[in-house]
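Right, one structure below, let's go through it.
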Amino acid sequence: KKEVQYGPVSPEKRTDPAMEKWRDNRFGQFIHWGLYAIPAGYWKGKYYKGAAEWLKSWAKVPMNEWAKLAEEFNPEQYDPEEWASMAKQMGARYVVLTTKHHEGFCLWPSQYTDFDISNTPYQKDLLKPFVEAYNKAGIDVYFYYSVLDWYHPDWRYALKSEEDKQAFERFKTFTKNQLSELIERYPSVKGFWFDGTWDASWKASGQFSYELEKHMKQLKPGLIINSRMRADEWGSRHFDSNGQMMGDYASGWERKLPTDTSVLHNDWEACMTVPENQWGYHKNWEGHVKTPTELIEMMVRCTALSGNFLLNFGPKEDGSIREEEQLLVKEIGNWMEQYGNAIYNCAYAGLEKQDWGYFTREPGSKTVNMVVCNIPVNKALRIQLPKNLFIQHYEYMGKPLSKLTLEEIGKNEYFIHLGKVKTKQPFVINIQLTSEK
Ligand SMILES: C[C@@H]1N[C@@H](C#Cc2ccccc2)[C@H](O)[C@@H]1O
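Residue numbers are given in the working numbering: position 54 of the sequence shown equals residue 45, and the series is strictly consecutive.
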């Protein structure tokens, strides 16, 4: 065991109401919105297939040229009430919005930089009406904040000289000031989603990130912060040098999902793009665009392994939402309306995973949700229960799709026969378990 002085600030599994609500939410909307939505993957007429919010990097645009985009940012169609209404329709219980991405442009009027919304034709604070609209819709608001800041003159990738160190000290003060400013200006914010923390300079700032997490949680008790914010004094990220998670949930699952129960030890969240790899708005999505059903199955898998699923939207420069994302709102929203109770407040059910799909369960409940994503060719869903448990009752959640029958095929082993079932989307069967035969 290594001596770690600047590791976790909070216990690995918080039991306070704010964290319980985070768990119960399960399904969140990620929103990436910034100046990058203006060029939308094209620079000087050239198409760049990389992530649109990284276009400055792909096209090697000097910052003084990139910053000129602020002079044309004027999202006249921005309607946070509409965004919140869509998120509610989709069934998202929380939202994470980019307040500042790597480009360094701030969606709020920050007193610590001139590179913000006040110096655009739009001028008005984008965050205040956003927070009000989503809170009014009953959706918890979290702020994404990139430590990596391509605009700020004191940002350093590494600390190779005394000058680097002095500059980065100024940068850390700037970062702490901006984060304090965000908490003070928007006190209903529930937490922070940190990103851009992979460089050597931040990995060498473990004590600072420890003290910053403490400071932010003193400013707002109950605040929830992702593991990506943290390094320890040895440069270990997310988990300290002894494997203890830092922050309040593991946030290394970016465009990928866990496949086994090893994740159960900590709270965790997976964030997901709709195309292969676009977070900010890109005019042309290349390659596979995930269907609503694929994304629903990903969300179910996260719930079944006691994690959250954060689905990304990338609004256009004018604040409108692209067709593909409007379809997701409708399709996922319809599914959540009928089956949301297999997601919200649910977690790992403690039963052996089967090929037909996933078990989820509200902790302590005798009702287990069977979320069927793959109907077996024999139309029979196999269930293996621990030796002291039996099935007392079973039925479809929501609209029945067929006549179900139960067959005991072995010791605590069952088939639920689906009979004649026709459907194009995952569905849920509830089983009531009992310890009496
Ligand atoms: C949540 C996502 N994290 C950001 C990134 C990244 C990244 C950086 C380097 C190598 C691979 C991925 C993306 O721009 C988006 O904000």
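Cβ coordinates follow ideal geometry from the N, Cα and C atoms, glycine included.
Bear in mind that the values here come from a model prediction, so they are computed numbers and not experimental data.
- When rounded, the separation of the alpha-carbon atoms in Asn336 and Ile130 is 15 Å.
- DSSP places Phe300 in the strand class (E or B) of the three-state scheme.
- Straight-line measurement puts the Cα of Ile420 at about 34 Å from the Cα of Gly305.
- Ligand 1 never approaches Glu260 closely enough for any of its heavy atoms to be under 7 Å from the residue's Cβ.
- In its chain, beyond the 5 residues on either side, Gln329, Tyr330, Asn332, Ala333, Asn360, Phe418, Val419, Ile420 and Asn421 have a beta carbon closer than 8 Å to the beta carbon of Met388.
- Between the C-alpha atoms of Lys194 and Arg161 there is a straight-line separation of about 16 Å.
- In this structure, Asp186 has its beta carbon less than 7 Å from a heavy atom of ligand 1.
- The secondary-structure analysis by DSSP pairs Gly243 with nothing; it has no beta-bridge partner.
- Taken in chain order, the complete beta strand (DSSP E) segments of 3 or more residues contained in the stretch 124 to 191 are 131 to 137 and 182 to 186.
- Secondary structure at Tyr27: helix, using DSSP grouped into helix, strand and coil.
- At the C-beta level, Leu342 and Leu395 stay beyond 8 Å of one another.
- CA-to-CA, the gap between Arg313 and Asn325 works out to about 19 Å.
- Relative to ligand 1, the beta carbon of Glu245 is positioned inside 7 Å of a heavy atom.
- In the structure shown, the three-state DSSP call for Asn365 is coil.
- If you ignore the 5 residues before and after Ala338, its C-beta comes within less than 6 Å of the C-beta of Ser297 and Pro354, all in its own chain and listed in chain order.
- For Glu44, the shortest C-beta to heavy atom distance toward ligand 1 is below 7 Å.
- Collapsing the DSSP output to three states places Glu267 in coil.
- When the beta-carbon positions are compared, Trp276 and Trp259 stay at least 8 Å from each other.
- Residue state for Ala75 is assigned as helix, using DSSP reduced to three classes.
- In chain order, Val(-5), Gly(-2), Pro(-1) and Glu3 place their CB closer than 8 Å to the CB of Gln235, counting only its own chain and leaving out the 5 sequence neighbours on each side.
- Taking all protein chains shown into account, Gly401 has fewer than 16 neighbouring C-beta atoms within 10 Å of its C-beta and is therefore exposed.
- In the DSSP assignment, Tyr69 falls outside any beta strand (DSSP E), carrying neither H nor E.
- Runs of the beta strand (DSSP E) lying entirely within the stretch 332 to 380, each at least 3 residues long, are 348 to 352, 358 to 363 and 371 to 375 in chain order.
- Distance from the CA atom of Gly310 to the CA atom of Phe406, rounded to whole angstroms, is 50 Å.
- As a beta-bridge residue in DSSP terms, Lys37 pairs with Trp34.
- Of the residues Val86, Tyr85, Ile108 and Val122, the one whose Cα lies closest to the Cα of Phe96 is Ile108.
- Under DSSP, the beta-bridge partners assigned to Trp259 are Ala241 and Gly298.
- Counted as a single uninterrupted DSSP element, the stretch harbouring Gly95 is not any alpha helix (DSSP H), since DSSP gives it neither H nor E.
- Excluding the 5 residues flanking it on each side, Gly348 has same chain C-beta neighbours closer than 6 Å at Val362, Val363 and Cys364, in chain order.
- In the DSSP assignment, Gly324 falls within the unbroken alpha helix (DSSP H) covering Glu314 to Tyr330.
- Remark: the C-beta of Trp49 is outside contact range of ligand 1, defined as less than 7 Å to any heavy atom.
- For Leu88, the uninterrupted beta strand (DSSP E) segment begins and ends at Tyr85 to Lys91.
- For Gly389, there is no enclosing beta strand (DSSP E), since its DSSP letter is neither H nor E.
- When secondary structure is reduced to three states using DSSP, Gln80 falls in the helix class.
- A contact is defined here as three or more CB-CB pairs under 8 Å, and the stretch 5 to 23 meets this definition with respect to the stretch 73 to 89.
- Taking each of Asn65, Gly32 and Tyr69 in turn and checking the Cα distance to Lys51, the smallest one comes out for Gly32.
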